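Novice:
Numbering (the working numbering), first residue to last: 6 to 126.
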């Protein structure tokens with residue numbers, strides 16, 4: 006993903022200063038909406054604030070509260086949410102999800118290593 010808008014620059018800056026996670030919702034967040042907790046991987050933040058990264062959706066969550074932050078008067082607000090993680094359907098589903106996420110995280114880490122090797126050449 007490439008983040009250009011000021012609200013998303015703020016989101017990624019905050020995520021990288023805390024736990025490298027953010028919430029993705031396919032619509033404007035509101036109480037009760039299902040969304041995803043996403044992990045940030047292979048993050049490049051440029052001097053102008055733009056960011057490029059891979060976002061890995063890891064867990065479903067339900068929005069409990071929403072707060073708005075107005076970045077400036079020319080752009081839509083950034084929505085902050087308090088969420089409740091949603092349980093997996095079964096222990097087997099949770100185990101399978103964790104194994105798949107581990108595999109994807111390893112691939113993303115390898116891609117980071119490959120990119121660093123290319124930069125050194």
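Beta carbons are placed, not taken as given, at the ideal position from N, Cα and C, and that holds for glycine. Bear in mind that the values here come from a model prediction, so they are computed numbers and not experimental data.
Using the DSSP secondary-structure output, state which residues sit across from residue 64 in a beta bridge.
Specialist: DSSP output for residue 64 lists 42 as bridge partner(s).
Novice: With residue 42 and residue 70 assumed to form a contact (beta carbons below 8 Å), what rounded beta-carbon distance in angstroms separates them?
Specialist: Not quite, the Cβ-Cβ distance comes to about 16 Å (not below 8 Å), so this is no contact.
Novice: Can you tell me which of 18, 13 and 101 puts its alpha carbon nearest to the alpha carbon of residue 29?
Specialist: Here the closest residue by C-alpha is 13.
Novice: Can you find at least 3 beta carbon pairs, one from the segment 52-66 and one from the segment 101-113, that sit closer than 8 Å?
Specialist: Touching, yes.
Novice: Could you give the residue range of the alpha helix (DSSP H) that holds residue 106?
Specialist: Residue 106 -> alpha helix (DSSP H) spans 96-125.
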